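So in UniProt numbering, the last spot in the sequence shown is 229, and the numbers never skip. Every residue gets a Cβ at the ideal spot worked out from N, C-alpha and C, and that includes glycine. A quick note: this is a predicted structure, and the numbers were derived from the prediction, not measured. What follows is a single structure, written as structure tokens, with notes after it.
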Amino acid sequence: MSRDKLELIRHAAPGVLPSLLMCDFGDLKSEVTRLEQAGAKVLHLDVMDGNFVPNLTYGMPIVEGLKRHTEMPLDVHLMIQDPLAFAEPMVKAGADSLTFHVEAVPNPIDTAKRIRDLGVAVGVALNPGTQVTDVEPCIEFVDMVLVMSVKAGFGGQKFDPVALDKLQILRNQYPDLLLQIDGGINLDTIASARAAGCDLFVVGSAIFNHDDYGAAIGGLNAEIQRGGV
Ligand SMILES: O=C(CO)[C@H](O)[C@H](O)COP(=O)(O)O
Ligand SMILES: [Co+2]
């Protein structure tokens with residue numbers, strides 16, 4: 001079953017994953033409808049706990065509500081200190097993939113295995129200050145790696161190019177591994193991430209600061225093609 005879930009996410013590659021972090025939460029339903037009409041294939045949901053990161057977002061009720069409203073697969077980025085405490089409720093709420101932060105957990109291999117046992121795709125994320133060698137031990141137990149190009153916690157931050165070297169290392173060592181990048185992705189940065197081997201590009205501000213989401217996603221996809229490996 002986790003293979004099917006992985007294919008749901010992989011289906012969007014190479015392409016943009018809109019992050020709802022920067023949307024109008026007062027009008028969530030129409031924001032999601034606008035993204036669907038703009039050609040988005042997968043939604044990226046940023047779950048923050050005010051502990052692992054100094055910011056707080058939302059939890060299972062929003063994920064469950066989104067699941068009822070859209071057929072787009074839900075890619076859940078857990079910026080929380082205890083991902084295993086919420087993994088099962090998140091899957092029940094409708095998450096199709098769960099990505100935990102390697103910095104948050106004492107035993108990343110065990111965390112990855114237990115999330116995979118829930119039947120969803122599993123990802124491991126690393127912040128800009130974390131090295132590829134810190135995620136390597138658990139890579140055989142995950143479906144994707146999320147390379148952060150900002151320190152997790154807030155939208156609208158500036159892209160940190162340290163992510164590009166990590167993508168290149170991961171792409172060279174693990175040719176079939178699904179690679180995501182997240183943070184500060186826009187028309188100026190997305191092609192370099194594609195050239196470094198990235199498959200999925202999480203984008204918040206560069207979509208939601210635009211009046212026309214279709215034009216924003218179309219422009220970003222054209223840049224992905226330009227950076228093509
Ligand atoms: O995980 C995140 C922040 O921790 C978000 O997915 C990300 O920052 C999206 O926003 P932007 O494109 O504005 O950087
Ligand atoms: Co994110």
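For residue i, report the span of its beta strand (DSSP E) as first-last.
i	result
D182	L178 to D182
M148	M144 to M148
H77	L74 to M79
V132	Careful: V132 lies outside any beta strand (DSSP E), inside the alpha helix (DSSP H) at V132 to V135.
L56	That residue, L56, is in no beta strand (DSSP E); it is neither H nor E in DSSP.
L200	L200 to V203
Once the 5 residues before and after residue i are set aside, which same chain residues still bring their CB inside 6 angstroms of it?
i	result
E31	C23 and D24
T16	Reading the sequence as shown, one finds Val at residue 16 and not Thr. These residues qualify, in order along the chain: F201, V203, I217 and L220.
A104	F52 and Q81
I109	C138 and F141
A112	V122, C138, F141 and V142
residue 311	Residue 311 falls outside the range modelled here, since the chain spans only 1 to 229, and no answer is possible.
R171	G197
Hey, is residue i close to ligand 1, as in C-beta under 7 angstroms from one of its heavy atoms?
i	result
F154	yes
V132	no
Is residue i near ligand 2, in the sense that its beta carbon is under 7 angstroms from a heavy atom of that ligand?
i	result
D160	no
V122	no
D46	yes
D49	no
S19	yes
V202	yes
D182	yes
Taking 7 angstroms as the limit between beta carbons, can you name the residues of its chain near residue i, skipping five residues before and five after?
i	result
L84	T111 and R114
L74	L43, L45, V63, L66, K67, G94, A95 and D96
G50	L56
Counting along the chain, where does the alpha helix (DSSP H) carrying residue i start and finish?
i	result
G214	Y213 to R226
N172	V162 to Q173
A12	First-last for A12: undefined, no H or E at that position.
A193	I190 to A195
Under a three-way DSSP split, which group does residue i fall into?
i	result
D82	coil
Which residues in the same chain have their Cβ closer than 8 angstroms to the Cβ of residue i, if we skip the five residues on either side of it in sequence?
i	result
G153	M48, V53, P54, N55 and M79
Q157	V150, K151, G183 and G184
I224	P14, G15, V16, I190, A191, R194 and F201
Note down, one range per segment and in chain order, each alpha helix (DSSP H) of at least 4 residues found wholly within the segment 16-45. 28-37
At 3 residues or longer, what runs of the beta strand (DSSP E) sit wholly inside the segment 92-130? 97-101 and 121-126
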